[in-house]
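*Asks:* Going by full-length UniProt numbering, the first residue of the sequence shown is number 1, and it counts up by one from there. Every residue gets a Cβ at the ideal spot worked out from N, C-alpha and C, and that includes glycine.
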Amino acid sequence: MVEATTGWLETYPVPHATARNTILGLEKQVLWRHGTPERIESDNGTHFRNNLIDTWAKEHGIEWVYHIPYHAPASGKIERYNGLLKTTLRAMGGGTLKHWDTHLAVGGIYTVIQTKAKITADEWGENYFLVGPYFEHNVKTQVEACEPPNPAVKKAMDTMKSQGCQVFFGRWLIEGSPYVLLFDIGSAAWNLDRWKGEFWDVSNIGIPFHDREANDAVIFGSLTAWFLKELSCQFDDKPNIIAHFHEWQAGVGLILSRSQKLPVATIFTTHATLLGRYLCAASIDFYNNLDQFNIDKEAGERQIYHRYCMERASVHCAHVFTTVSQITAIEAEHMLKRNPDVVTPNGLNIKKFSAMHEFQNLHSMYKARIQEFIRGHFYGHLDFSLENTLFFFIAGRYEFSNKGADMFLEALSRLNFLLRVHKTDVTVVVFFIMPAKTNNFNVETLKGQAVRKQLWDTAQSVKEKFGKKLYNALLKGEIPDLNKILDRDDITIMKRAIFSTQRHCLPPVTTHNMIDDGNDPILNTIRRIGLFNNRTDRVKVILHPEFLSSTSPLLPLDYEEFVRGCHLGVFPSYYEPWGYTPAECTVMGIPSVTTNLSGFGCFMQEHVADPAAYGIYIVDRRFRSPDESCNQLTQFLYGFCQQSRRQRIIQRNRTERLSDLLDWRYLGRYYMHARHLALSRTFPDKFEMEPSAPPKTEGFRYPRPSSVPPSPSVSQHSSPHHSEDEDEDERYDEDEEAERDRQNIKSPFSLGVLPQGKKKQHGEYRN
Numbered sequence: 001m002v003e004a005t006t007g008w009l010e011t012y013p014v015p016h017a018t019a020r021n022t023i024l025g026l027e028k029q030v031l032w033r034h035g036t037p038e039r040i041e042s043d044n045g046t047h048f049r050n051n052l053i054d055t056w057a058k059e060h061g062i063e064w065v066y067h068i069p070y071h072a073p074a075s076g077k078i079e080r081y082n083g084l085l086k087t088t089l090r091a092m093g094g095g096t097l098k099h100w101d102t103h104l105a106v107g108g109i110y111t112v113i114q115t116k117a118k119i120t121a122d123e124w125g126e127n128y129f130l131v132g133p134y135f136e137h138n139v140k141t142q143v144e145a146c147e148p149p150n151p152a153v154k155k156a157m158d159t160m161k162s163q164g165c166q167v168f169f170g171r172w173l174i175e176g177s178p179y180v181l182l183f184d185i186g187s188a189a190w191n192l193d194r195w196k197g198e199f200w201d202v203s204n205i206g207i208p209f210h211d212r213e214a215n216d217a218v219i220f221g222s223l224t225a226w227f228l229k230e231l232s233c234q235f236d237d238k239p240n241i242i243a244h245f246h247e248w249q250a251g252v253g254l255i256l257s258r259s260q261k262l263p264v265a266t267i268f269t270t271h272a273t274l275l276g277r278y279l280c281a282a283s284i285d286f287y288n289n290l291d292q293f294n295i296d297k298e299a300g301e302r303q304i305y306h307r308y309c310m311e312r313a314s315v316h317c318a319h320v321f322t323t324v325s326q327i328t329a330i331e332a333e334h335m336l337k338r339n340p341d342v343v344t345p346n347g348l349n350i351k352k353f354s355a356m357h358e359f360q361n362l363h364s365m366y367k368a369r370i371q372e373f374i375r376g377h378f379y380g381h382l383d384f385s386l387e388n389t390l391f392f393f394i395a396g397r398y399e400f401s402n403k404g405a406d407m408f409l410e411a412l413s414r415l416n417f418l419l420r421v422h423k424t425d426v427t428v429v430v431f432f433i434m435p436a437k438t439n440n441f442n443v444e445t446l447k448g449q450a451v452r453k454q455l456w457d458t459a460q461s462v463k464e465k466f467g468k469k470l471y472n473a474l475l476k477g478e479i480p481d482l483n484k485i486l487d488r489d490d491i492t493i494m495k496r497a498i499f500s501t502q503r504h505c506l507p508p509v510t511t512h513n514m515i516d517d518g519n520d521p522i523l524n525t526i527r528r529i530g531l532f533n534n535r536t537d538r539v540k541v542i543l544h545p546e547f548l549s550s551t552s553p554l555l556p557l558d559y560e561e562f563v564r565g566c567h568l569g570v571f572p573s574y575y576e577p578w579g580y581t582p583a584e585c586t587v588m589g590i591p592s593v594t595t596n597l598s599g600f601g602c603f604m605q606e607h608v609a610d611p612a613a614y615g616i617y618i619v620d621r622r623f624r625s626p627d628e629s630c631n632q633l634t635q636f637l638y639g640f641c642q643q644s645r646r647q648r649i650i651q652r653n654r655t656e657r658l659s660d661l662l663d664w665r666y667l668g669r670y671y672m673h674a675r676h677l678a679l680s681r682t683f684p685d686k687f688e689m690e691p692s693a694p695p696k697t698e699g700f701r702y703p704r705p706s707s708v709p710p711s712p713s714v715s716q717h718s719s720p721h722h723s724e725d726e727d728e729d730e731r732y733d734e735d736e737e738a739e740r741d742r743q744n745i746k747s748p749f750s751l752g753v754l755p756q757g758k759k760k761q762h763g764e765y766r767n
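1. Within 10 angstroms of the Cβ of A17, are there 16 or more other Cβ atoms? Answer buried if so, exposed if not.
2. To which residues of the same chain is C602 closer than 7 angstroms at the C-beta, ignoring the five residues directly before and after it?
3. Looking only at C-alpha atoms, which of A405, G404, S364 sits nearest to E387?
4. Among all the DSSP beta bridges, which residues are the ones paired with W64?
5. May I ask you to report which of helix, strand or coil DSSP gives E561?
6. Can you tell me which of the three DSSP states A282 falls into?
7. Within the continuous alpha helix (DSSP H) that includes P521, where are the two ends?
8. Is the segment 471-491 close to the segment 525-539, with three or more CB pairs under 8 angstroms?
9. Can you round the beta-carbon distance between F417 and G565 to whole angstroms, since I take them to be within the 8 angstroms contact cut?
10. Are G599 and G579 touching if we call contact CB-CB under 9 angstroms?
11. Quick check on the burial criterion: 16 or more other C-beta atoms within 10 angstroms. Buried or exposed for W200?
12. Is it buried or exposed for R307, if we count other Cβ within 10 angstroms and need 16 for buried?
13. Run through the segment 450-529 for me and flag every whole beta strand (DSSP E) of 3 or more residues, listed as ranges in chain order.
14. Kindly indicate the opening and closing residues of the alpha helix (DSSP H) around N51.
15. From P37 to E546, what does the alpha carbon distance come to, in whole angstroms?
16. DSSP three-state call for P626: helix, strand or coil?
17. Which same chain residues end up closer than 7 angstroms to T581 when comparing Cβ atoms and leaving out the 5 residues on each side of it in sequence?
18. Could you check the C-alpha separation between F466 and E478 for me, to the nearest Å?
19. How would you write the range of the beta strand (DSSP E) that A145 sits in, first residue to last?
20. R59 to A188, Cα distance in whole Å?
21. Should F135 go down as buried or exposed, given a rule of 16 or more other Cβ atoms within 10 Å for buried?
22. Can you check DSSP and say which residues form a bridge with T430?
23. Spatial neighbours of V320 within its chain, please: C-beta separation below 6 angstroms, excluding the five flanking residues on both sides.
24. So, under 8 angstroms CB-CB, L223 and F183 are touching, yes? Tell me the CB distance rounded to an integer number of Å.
25. With distances taken between CB atoms, is the gap from L409 to V428 smaller than 9 angstroms?
26. Please classify E247: does DSSP put it in a helix, a strand, or coil?
27. Roughly how many angstroms separate the alpha carbons of I374 and G404, rounded to a whole number?
28. Would the segment 433-442 count as touching the segment 500-519 if we require 3 or more Cβ pairs under 8 angstroms?
29. Going by C-alpha distance, which of Y66, A368, N402, A332 is nearest D291?
30. Which of the three DSSP states, helix, strand or coil, is assigned to N631?
31. In this structure, what does DSSP give as the bridge partners for T328?
32. If contacts are defined as beta-carbon pairs under 8 angstroms, then T510 and N442 qualify, I think. What distance do you get, rounded to the angstrom?
33. Helix, strand or coil for W578, going by three-state DSSP, please let me know.
34. Would you kindly work out how many angstroms separate the C-alpha atoms of L661 and I650, rounded to a whole number?
35. At what residues does the beta strand (DSSP E) containing I650 begin and finish?
36. By how many angstroms is the C-alpha of P508 removed from the C-alpha of I330?
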């Protein structure tokens, strides 16, 4: 939609282009914020030229005028914006518009800020504020309104409100309860042209009118810089204000703050470079050509040159520039032409996932619930033992190449061959949890769960009758004739139950009806490699194209429960600046596969002497060819299948002990260092770093376990069967290993005074 006077653009997704959804979108997103318009113009689409639209427009006194479809003079702005939007979504989706909504998620950044809030609030107390855009549907459920505790903040807000800006203040209802300051971007949209002009004067970066996200960034950034200016004016002396900006969408505020020479220490963090994500989505050999790209040309061809300039200007204006991993630091050096000052790894709130010694029991409990789903899904073909079945999974946005789903499927084909050749009794069921467009559950999948439930009810009914007869016979002191204890009706019921499990088709590879499944990359690859869940296949594949939910009629588990019930998470990503999915597996005690192109994989290589011994398998996708990387992944998967049950338990214990490495109590030190460095560069007369180097991490490293190896050597393919008797002779002292690991972790930073007798360490600042 384009507002005729100012050219303001807004876009809202709807499930389907219908008149009813059009009306709902206008009422929920437009009328309540901007009032009822006098006139609406549109093309002649059936979702506009409709009796429902006519009736609704008349009821609201709106004149609705129709254009000629795709007629530039009439609908030029809309069509140009549609063109840019489609180009952008295709680039983010690897050249296709399929699953566009899943590519817009920014869940990783949200997780960083949300989980880090507790430790930052502990450090800064009531001087810590989160600044963001105002969205009413989020505020109603996640924010408690309150008055600012700081008079300076209140005065700055009042000044902005007096000039027509809507500012909201409250507490975010998460752990740590940090204060949030939210700006209503829509209420300030009338300033857009003026602010875009001011931004041009400062940076020579022009923002196209049809790029709504960039326009939003200008409004939000201008409001942020305005607030920082008003806040700094409330103090007699120069305050020690630190402003930390995440991603290019927030960077305008940083650029304006520096251009206005505000007394604010600025930090800019990129979680992934803008151009890097676009290039990788297009299946380009990115990491081997980092120094070969013509950056300006690549950004211009993708119609994101202005966004790239905003990102690069933010990077170079910041007092301190940080990235989330070493691999992203290398990328930023080439894409953004500045080497990061500090690498700030992403952490987690370990307390949320902590299950103490219960995590092994939780694994057994949720594995049993997954097994129930498998019994229904594979009814009629359940000729494999669930006790010897391993559950692997991959989860995340539907980015077929970036997330490594292409390599994973190829490795599964090779794994299936190895397991069949060696005639192993292990079966692997692999779940793909990647949201895609569907129209309903697969009927065959629903039928499978119904058949399973019917068989369970039948078995329970027969068991109850059998139990009563056996009980009565024993009371009489008789040994019952088991051939007579079941009557003919019981036999008939059981035969009917067995006949109901007969199936004339293979178990489906997807749980839902896919929209346009002929062009779905996962399904097309499954067709190519032939993993159709045949009886002879030792690798079974299930695509679940929807986020998991405990209310699902198929697999009633939420994501955390599902992960705990699986044996291995596989994330062979090609482009993954950090990678929260393997990190979440780690803190829940589930081994995982990652790559040396993910931030998480690089971090584990740096801080764990032998990651595989702790259940972190790292595939080399940087220095090996795709085929060699796929072979390495296959070896990891096959080696994992060779493990005995005892070895898997030992490995899960070790994996869970790595949780402390990912806790914000430890990783928060990098953010602390970045803030101290920014203060020392902004206010050198008040703050000094000794020296200005990142915090040292010697000792922040796990040694290789000295006891039993976690898995058989992957090179010994001639001996696929492992003897359970050998396990009993292997030395393993869990308590001894755990104590040794704890000694290899540094204690977290102390936020108070230095303990008596302790000397100041390198990297600590002084005031």
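*Replies:* The relevant details are as follows:
1. exposed
2. S325, Q326, I327, N596
3. S364
4. Bridge partners of W64: I40.
5. helix
6. coil
7. Counting along the chain, the alpha helix (DSSP H) containing P521 begins and ends at 521-529.
8. The segment 471-491, when compared against the segment 525-539, does not touch it at the 8 angstroms Cβ threshold.
9. The C-beta distance from F417 to G565 rounds to 27 angstroms, too long to meet the 8 angstroms contact threshold.
10. yes
11. exposed
12. Its Cβ being crowded by 16 or more others within 10 Å, R307 is buried.
13. 512-514
14. 51-59
15. Taking the straight line joining both Cα atoms gives about 38 angstroms.
16. Residue state, collapsed to three classes: helix.
17. A395, G396, G569, F571
18. F466 and E478 have their C-alpha atoms roughly 15 angstroms apart.
19. 143-145
20. The identity of residue 59 in the sequence shown is Glu, whereas the question assumes Arg. So the two alpha carbons sit approximately 29 angstroms from each other.
21. Counting Cβ neighbours within 10 Å, F135 comes out exposed, since fewer than 16 surround it.
22. One point to set straight first is that residue 430 is Val, not Thr, in the sequence displayed. Under DSSP, the beta-bridge partners assigned to V430 are F392, V541.
23. I267, D341, A674, L677, A678
24. Contact flag correct, Cβ pair sits at about 4 angstroms.
25. No, the Cβ-Cβ distance between L409 and V428 is not below 9 angstroms.
26. Correct three-state label for E247: coil.
27. 25 angstroms
28. Segment contact: the segment 433-442 against the segment 500-519, three or more CB-CB distances shorter than 8 angstroms; contact assigned.
29. A332
30. helix
31. T328 is not bridged to any residue.
32. 6 angstroms
33. Coil.
34. Cα to Cα, the separation comes out at about 19 angstroms.
35. Not the beta strand (DSSP E): I650 falls in the alpha helix (DSSP H), residues 645-657.
36. 43 angstroms
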